[in-house]
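Here's the structure we're looking at; comments come further down.
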Ligand SMILES: O=c1ccn([C@@H]2O[C@H](COP(=O)(O)OP(=O)(O)O[C@H]3O[C@H](CO)[C@@H](O)[C@H](O)[C@H]3O)[C@@H](O)[C@H]2O)c(=O)[nH]1
Ligand SMILES: [Mn+2]
Ligand SMILES: [Zn+2]
Ligand SMILES: [Zn+2]
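In my numbering, the protein residues as written are 12 to 957.
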């Protein structure tokens, strides 16, 4: 309820604060420092900390306010259906229903539950309801392997007839105690062959390396040694990548059961009794309104505010790291527009709830929507959104041209009512001389502010471009957190990153499906997925550096109005505060804000009821000051962890080290969607940043090789892989650059066998991996290609920069990726607008371009030479050609990216690469570092017996 003016009054009053604020900038001057152009020059401009609490109210559609409106509708719905819950509230459709209730073992009809009865069908497995007839079931229990053939749950003895009754509201309520989620191991028919292939590949690799080591080439020792070192490194990096994928799992959530536990009671709750769903603070980070257009952030915020969750349990905090007037003003517009948008979304249950994406969907929006008012409302809404866009874009235009007389603050009038989720704009203080720690610093500022203002026990973190695509996403996460025994050990629930607006063929592997659908599922079977920076719901306690609760307590068999193991714990904090607490300790840990310290002690979240808004606000500004974290454990033990620009990996790693587990949640409708860099240069810069962050982790305090007592072994392997993968770029470069490596190793039949075996096992693991994960061959291939492209450019640069940081202390920078505004250039699908072809010069383009040229020259020269010198040289040529070809096909998307739409390679790239390539080949011919000159006339013969 704070308007800008009130805020200024607040600030004016804080006399002590003003003293703390060093020197000249004692009061806020809305002058040229607000200017976008100055801000553009760099993000280090010291800014006053500012915080405005904006609260909107919902549009009244019915006598009740909008949140309750949907509930009222729902009650009516339930009553109409005589308390049979709506389909989405019922169990996930059992497999039986889908397959027509035919036994999956013998093909007979699945009979009735009890011999004497008609009606309900026999259900063998209470977990997944996989259709198995009673005779088959009996047989499986007596002589078979006694588990459900589908989900592998042990069959429980079914005494006599009682099958689970069909779902009714009453029975559902009784089942209210059931698990909210379930781990679904991959079908063993898919995973076991995969594991076998891995073992075979390991064996073949062993033979291959043994063969290579036992057969040195005496006349080309350098070449031989290099190749063996490279091959051993490739083998190691493969093992690091492979073994964490040994236990892949999927998960299933039961939103219906969650609803039942929380919403039904919410429905029938007494006046004033809050919902049972835990509160969630949503953090949205943005930094540069020019690269991250306000409309993108606005859409993300709108999708958060409209999420399918009780409004009083959601607060949205936007971190503006650029302290941009533009971001603030567009946010004020957004809050205003949300008053219409949110009720509309909830009333008609539209998806997604980011208006830009919603209105650009090319689907028949009338399908399945029978509500008579819908068409009219939708049209009106669309018009309003267009007007909103015009207003926001006008703000952007205004920000571009700085008025000479300086800017004035737009005055928000206080918004009456409070039916929307809270929306808070936060811009932390930054000053020269203070490291602001990039995104991690911004997130830590938000977690403190939110701790003071709302203190929800859960926190959702989103990048400004990652909007909520599935309005039930937060509920999905709650299915894991609120599951009594297992949920208490869960520190975060990570959703995969999915993207809009990527070109159809995903030329630069932006979707990252191999990572999100293979590696992450593998990790989920060990200790849990890594945190990837966005689309992640945290337990606040885990962010505060607490370890997981020690002994998981059995769920209490209690009356249904209590949530076992959740919310009613009356115990003291789990001794997480190092050394068991004490005021001194917790101050040293969290800093000197009494309000914040109090909030960390609130076991179930929330702020003390007596706190006055003005005092809270003052305290919120205090915890935003840039010196707040001095001599505290922020960034080292608490909150987002500093020291790497991939703060995400490090933050998740730290939690896993403390013994927490995380969960990977992959609902059918993607939970969140974001934008990815579209053109080659941006993509390379992004990959460079990630790789550099990894190198920083490797050289930092949190080296996964030894850090972390409670990290599981395979999880450690995965983190080691994350930290060392950029180094694979070195052998990769060697392999791509030295064609003579290509000497065919196949001369004796035994060697040939080893080679073929290796090759076959590589193909087999690949194919089987794709089979269990459902990733397509094209996606896999793009990933391989980009592994080479990124490897010989971005990863290489990352290794160099990382070493520079270690040796010379050169600080690393966070280059934000540009986000396309809206979906104009093909957003929802396609994305083949100008952006894809945009060419931006970066030095990262040089190495792959040189390699491309060198290998193309190699192919031509090789063929020419072979033609000149006759038959006998075709053998070795084949090997050379093979590898040159391998390099060229991998770099092909890179070539396409270079050529742009006009299919012309920019001159500068041509010059550079031809130069480098010719220097390189000259060196190669002249000096020939590896090949000791052979005696014969054929001087350029390769040293290895070929
Ligand atoms: O000083 C900074 C720099 C960045 N950001 C925010 O960080 C987010 C991620 O930046 P982006 O340029 O989109 O990077 P991506 O490579 O797309 O992001 C991935 O990788 C990052 C780590 O490198 C993670 O932080 C992100 O969550 C993850 O989505 C954006 O919301 C930015 O606004 C800040 O808040 N402050
Ligand atoms: Mn991003
Ligand atoms: Zn059968
Ligand atoms: Zn089953």
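Don't be surprised by glycine CBs; every beta carbon is placed ideally from N, CA and C. Quick caveat: nothing in here was measured; it's all calculated off a predicted structure.
Would you check whether ligand 2 has a heavy atom nearer than 7 Å to the C-beta of residue 828?
For this step, residue 828 is matched to residue 817 along the chain shown. For ligand 2, at least one heavy atom lies less than 7 Å from the Cβ of residue 828.
For residue 623 and residue 853, I'd like the C-alpha separation in whole angstroms.
Within the chain shown, the letter at position 612 stands for residue 623. Within the chain shown, the letter at position 842 stands for residue 853. Straight-line Cα distance between these residues: approximately 53 Å.
Taking all protein chains shown into account, do 16 or more other C-beta atoms lie within 10 angstroms of the C-beta of residue 908, making it buried, or fewer, making it exposed?
Your numbering for residue 908 matches position 897 in the chain shown. Buried.
First through last residue of the alpha helix (DSSP H) which encompasses residue 263
Reading the chain shown from its first residue, position 252 is the one you call residue 263. Unbroken run through residue 263 is the beta strand (DSSP E), 260-264; no alpha helix (DSSP H).
So, do the region 726-736 and the region 249-256 have three or more beta carbon pairs nearer to each other than 8 Å?
yes
Close Cβ partners of residue 218 (< 6 Å) along its chain, the five nearest in sequence each way excluded:
Residue numbering aside, residue 218 sits at position 207 when the chain shown is read from its first letter. Excluding sequence neighbours, residue 218 sits near 765.
Cutting at 7 Å between CB atoms, please list the residues of its own chain near residue 510, excluding the five before and the five after it.
Locating residue 510 in the chain shown gives position 499, where the first residue counts as 1. Within the same chain, residue 510 has close Cβ partners 521, 522, 684, 685, 686, 687.
Closer than 7 Å: is that where the CB of residue 517 sits relative to any heavy atom of ligand 2?
Numbered from its first residue, the chain shown carries residue 517 at position 506. Every heavy atom of ligand 2 is 7 Å or more from the Cβ of residue 517, so no.
Taking only runs of the beta strand (DSSP E) that begin and end inside the region 503-543, which ones reach a length of at least 3 residues, in chain order?
509-511
With contact counted as at least three CB pairs below 8 Å, one residue from each stretch, are the region 601-611 and the region 626-637 in contact?
yes
Assigned secondary structure, residue 624 (DSSP; H/G/I helix, E/B strand, else coil)
Along the chain shown, one-based indexing puts residue 624 at 613. Correct three-state label for residue 624: helix.
Since I believe residue 326 is in contact with residue 432 (beta carbons under 8 Å), could you give me their beta-carbon distance rounded to a whole number of angstroms?
The residue labelled residue 432 in the question sits at position 421 within the chain shown. The residue labelled residue 326 in the question sits at position 315 within the chain shown. Yes, residue 432 and residue 326 are in contact; Cβ-Cβ is about 6 Å, under 8 Å.
Going by DSSP, which residues form a beta bridge with residue 352?
On the chain shown, position 341 is the one that residue 352 refers to. The partner list for residue 352 (beta bridge, DSSP) is empty, contrary to what the question assumes.
So, helix, strand or coil for residue 123, using DSSP?
For the purposes of this step, residue 123 is taken as the residue at position 112 of the chain shown. In this structure, residue 123 counts as strand in the three-state DSSP scheme.
Same chain, Cβ closer than 8 Å to residue 477, neighbours up to 5 away in sequence not counted
Taking the first residue of the chain shown as 1, we reach residue 477 at position 466. Once the five neighbours on either side are set aside, the close Cβ partners of residue 477 are 311, 508, 545, 546, 683, 684, 685.
Please confirm whether residue 649 and residue 600 have their CB atoms less than 8 Å apart.
Here residue 649 is taken as the residue at index 638 of the chain shown, counted from 1. Here residue 600 is taken as the residue at index 589 of the chain shown, counted from 1. Yes. Within cutoff.
Three-state class that DSSP yields for residue 230 in the structure shown
Taking the chain shown and counting its residues from 1, the one referred to as residue 230 is at position 219. Helix at residue 230.
Touching or not, the region 485-494 and the region 658-671, by the rule of three or more beta carbon pairs under 8 Å?
no
Whole-number beta carbon distance between residue 616 and residue 468, since they are thought to touch under 8 Å:
By 1-based counting over the chain shown, the position of residue 468 is 457. By 1-based counting over the chain shown, the position of residue 616 is 605. With a Cβ gap of about 4 Å, residue 468 and residue 616 count as contacting.
Local Cβ density within 10 Å of residue 437, reported as buried at 16 or more and exposed below that
Along the chain shown, read from residue 1 onward, the residue named residue 437 stands at position 426. By the neighbour-count rule (16 or more Cβ atoms within 10 Å), residue 437 is buried.
Taking the beta strand (DSSP E) that residue 683 belongs to, which residues open and close that run?
By 1-based counting over the chain shown, the position of residue 683 is 672. From DSSP, the beta strand (DSSP E) with residue 683 extends over 683-686.
For residue 497 and residue 224, I'd like the C-alpha separation in whole angstroms.
For the purposes of this step, residue 497 is taken as the residue at position 486 of the chain shown. For the purposes of this step, residue 224 is taken as the residue at position 213 of the chain shown. Cα to Cα, the separation comes out at about 49 Å.
Is residue 158 close to chain B? Criterion is C-beta to C-beta, closer than 8 Å.
Absent from the structure: chain B. Only one protein chain is present.
Would you mind giving the Cβ-Cβ distance between residue 825 and residue 302, rounded to the nearest angstrom? I have them listed as a contact below 8 Å.
What you label residue 825 is simply residue 814 of the chain shown in a count that begins at 1. What you label residue 302 is simply residue 291 of the chain shown in a count that begins at 1. Incorrect: roughly 12 Å between the Cβ atoms, too far for contact.
Hey, out of 861, 654, 880, 906, whose CA is closest to residue 925's CA?
The residue given as residue 925 occupies position 914 in the chain shown. Here the closest residue by C-alpha is 861.
CB residue 804 to CB residue 856, shorter than 8 Å?
Along the chain shown, one-based indexing puts residue 804 at 793. Along the chain shown, one-based indexing puts residue 856 at 845. For residue 804 and residue 856, yes; Cβs fall inside 8 Å.
What are the start and end residues of the alpha helix (DSSP H) that includes residue 639?
Here the question's residue 639 lines up with position 628 in the chain shown. Premise fails: residue 639 is in no alpha helix (DSSP H) and is neither H nor E.
In the DSSP assignment, what residue or residues form a beta bridge with residue 672?
The residue given as residue 672 occupies position 661 in the chain shown. Per DSSP, 501.
Look up residue 404 in the DSSP assignment and say whether it is helix, strand or coil.
In the chain shown, the residue the question calls residue 404 occupies position 393. The answer is helix: DSSP assigns residue 404 an H, G or I state.
Residue 163 by DSSP, collapsed to three states: which one?
Within the chain shown, residue 163 is the residue found at index 152, counting from 1. Coil, per DSSP.
According to DSSP, is residue 710 part of a helix, a strand, or is it coil?
Within the chain shown, residue 710 is the residue found at index 699, counting from 1. In the structure shown, residue 710 sits in a helix (DSSP, three-state: H, G or I).
Beta strand (DSSP E) segment containing residue 297, residue limits:
One-based indexing of the chain shown puts residue 297 at position 286. Run containing residue 297: 291-297, per the beta strand (DSSP E) assignment.
Using C-beta distances below 8 Å, list every residue in its chain close to residue 205, excluding the 5 sequence neighbours before and after it, in chain order.
Sequence index remark: in the chain shown, residue 205 carries index 194 (1-based). These residues qualify, in order along the chain: 776, 779, 780, 782, 783.
Say yes only if the C-beta of residue 645 is nearer than 7 Å to one or more non-hydrogen atoms of ligand 5, and no if none qualify.
The model on display carries ligand 1, ligand 2, ligand 3 and ligand 4 but not ligand 5.
Measuring CA to CA, which of 296, 864, 903 is closest to residue 792?
In the chain shown, the residue the question calls residue 792 occupies position 781. Minimum Cα distance to residue 792 is reached at 903.
For ligand 1, is there any heavy atom lying closer than 7 Å to the beta carbon of residue 262?
What you label residue 262 is simply residue 251 of the chain shown in a count that begins at 1. Outside the cutoff, so no.
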